[in-house]
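Residue 1083 in my numbering sits at position 124 of the sequence shown, and the numbers go up by one each step.
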Amino acid sequence: MRPLRVLAVDDEPPALEDLSYLLRGDARIGRVFAADSSDAALRLLEDETVDAVFLDIRMPGLDGLDLVRVLARFALPPAVVFVTAYEDFAVDAFALKACDYLLKPVGRERLTEAVRRVAALIEGGGAAPGTAGGASAERPAPERIAVDLGGVTRFVSRDEVAYVEAQGDYVRLHAGGNAPLVRISLAVLEERWVPHGFLRIHRRFLVSLRHVEELRSDAGHWTVRVAGSELPVSRRHSRELRDRLVRWTPAPGAERS
């Protein structure tokens, strides 16, 4: 893959200098441009083409979110990585299809992971990381759970499940308006389903990222809306959930509900 061309945008000179320095230290990056405002970034992009923009959110004038909305109108929009001191904009970043969301101060290891995601996205032609050339890989059939309902065994596909609720030694599978009870622990399902787009958000709940409709914060308390239900998000899981939602892309052939 050719070296990446990236643009760093931050109105604070020390932060811009640090970010540019870290980006230059990544072997996958060939050229780093810098701009101290959204207006300066747009002027630079009139003459230069970049693969990705690493930018702050709160800036005078046009803020980072507004800048990304402008970039989305480009014929070939660059990948976007937000680098900010504020956690509260993660939902907006997710809605704008950001590639990653980093919190300041950014360490080299975390920035390296963000660059890896950008490189994978570009190498895949804008497809999900790991899908070379944007080609649609054949998906294995999703796991099915056998549910006994009054002498009738019904099979529930993992992809149908919006979220799982723990109830003692059982779990309730919330899927398409149905909520059958199955004798299996939430911990076991978590281990099996996390690689397939599920995430533990609370001691009682495991959710499917593809079914998440909304993430909300109210005075530091987080909730998530999944298939019309509002579920609590524990403090220790909230940051991972925001991070996963920002970075999550459906598997080839799958569509977000």
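Note that beta-carbon positions come from the ideal geometry of N, C-alpha and C, so glycine has one too.
If you compare alpha carbons, which of Ala-1000, Ala-967 and Trp-1152 is closest to Ile-988? Along the sequence shown, one-based indexing puts residue 988 at 29. Cα-wise, what sits closest to Ile-988 is Ala-967.
Enclosing alpha helix (DSSP H) for Phe-1033 [first to last residue]: As a position in the sequence shown, residue 1033 is number 74, starting the count at 1. Segment: none, Phe-1033 is in no alpha helix (DSSP H) and carries neither H nor E.
C-beta contact flag for Leu-1003 and Ile-1016 at 8 Å
The residue labelled residue 1003 in the question sits at position 44 within the sequence shown. The residue labelled residue 1016 in the question sits at position 57 within the sequence shown. Cβ distance not < 8 Å, so Leu-1003 and Ile-1016 don't count as in contact.
DSSP three-state label for Val-939, please. Any answer about residue 939 is impossible in this case: the structure gives the chain only from 960 up to 1216.
Is it right to say Arg-961 is buried, meaning 16 or more other beta carbons lie within 10 angstroms of its own, or is it exposed? Residue 961 sits at position 2 when you count from the first residue of the sequence shown. Classification of Arg-961: exposed, given that the 10 Å Cβ count is below 16.
If you run the structure through DSSP and keep just helix, strand and coil, what is Ser-996? Stepping through the sequence shown from its first residue, residue 996 is reached at position 37. Here Ser-996 sits in coil by DSSP.
Separation of Arg-1113 from Ala-1073, as counted between CA atoms
Reading the sequence shown from its first residue, position 114 is the one you call residue 1073. Reading the sequence shown from its first residue, position 154 is the one you call residue 1113. Looking at the two C-alpha atoms, the distance is approximately 42 Å.
Return helix, strand or coil for Ser-1144, following the three-state DSSP convention. Along the sequence shown, read from residue 1 onward, the residue named residue 1144 stands at position 185. In this structure, Ser-1144 counts as coil in the three-state DSSP scheme.
Alpha helix (DSSP H) segment containing Leu-981, residue limits: Along the sequence shown, one-based indexing puts residue 981 at 22. Unbroken alpha helix (DSSP H) run through Leu-981: 972-983.
Exercise for review: Assign Arg-1221 to buried or exposed, taking buried as 16 or more other Cβ atoms, counted over all protein chains shown, within 10 Å of its Cβ.
Suggested key: Residue 1221 is absent from the model: the chain starts at 960 and stops at 1216.
Original post:
Does DSSP put Thr-1008 in a helix, in a strand, or in coil?
Top reply: Indexing the sequence shown from 1 puts residue 1008 at position 49. Coil at Thr-1008, not helix or strand.
| task | Could you tell me which residues DSSP puts in a beta bridge with Ala-1178? | result | Along the sequence shown, one-based indexing puts residue 1178 at 219. The partner list for Ala-1178 (beta bridge, DSSP) is empty, contrary to what the question assumes.
Practice problem: Give the single residue among Val-1012, Ala-999, Glu-1005 and Ser-997 whose Cα lies nearest to the Cα of Val-991. | Solution: For the purposes of this step, residue 991 is identified with residue 32 of the sequence shown, where counting begins at 1. For the residues Val-1012, Ala-999, Glu-1005 and Ser-997, the minimum Cα distance to Val-991 belongs to Val-1012.
*asked:* Does the contact criterion of 3 or more C-beta pairs under 8 Å hold for the segment 1018-1033 versus the segment 1055-1070?
replied: yes
**Asked** Which residues in the same chain have their Cβ closer than 8 Å to the Cβ of Thr-1071, if we skip the five residues on either side of it in sequence?
**Response** As a first step, residue 1071 must be located in the sequence shown, where it is residue number 112. The answer, listed in chain order, is Asp-985.
Measuring only the C-alpha atoms, how far is Arg-1203 from Asp-998? Residue 1203 sits at position 244 when you count from the first residue of the sequence shown. Residue 998 sits at position 39 when you count from the first residue of the sequence shown. Distance between the alpha carbons of Arg-1203 and Asp-998: 30 Å.
Span of the alpha helix (DSSP H), counted from its first residue to its last, around Arg-1131: The residue you call residue 1131 lines up with position 172 of the sequence shown. Segment 1129-1134 is the beta strand (DSSP E) holding Arg-1131; no alpha helix (DSSP H) there.
Original post:
What number of angstroms, rounded off, separates the C-alpha of Arg-1069 from the C-alpha of Val-1106?
Top reply: Taking the first residue of the sequence shown as position 1, residue 1069 is located at position 110. Taking the first residue of the sequence shown as position 1, residue 1106 is located at position 147. Spanning the two alpha carbons is a distance of roughly 42 Å.
Open item on the list: Please report the straight-line C-alpha distance between Ala-1086 and Pro-1037, rounded to a whole angstrom.
Closed with: To locate residue 1086, count along the sequence shown from 1; it is residue 127. To locate residue 1037, count along the sequence shown from 1; it is residue 78. Its pLDDT being 35, under 50, Ala-1086 is placed unreliably by the model, and the measurement read from it follows with that caveat. Rounded to whole angstroms, Ala-1086 to Pro-1037 spans 13 Å at the Cα level.
* To do: State the DSSP-derived secondary structure class of Ile-1160, mapped to helix, strand or coil.
  => Within the sequence shown, numbered from 1, the residue matching residue 1160 stands at position 201. Strand at Ile-1160.
TODO: Indicate the three-state DSSP secondary structure (helix, strand or coil) for Leu-1070 in the structure shown.
DONE: Here residue 1070 refers to the residue found at position 111 when the sequence shown is read from its first residue. DSSP places Leu-1070 in helix when its eight states are reduced to three.
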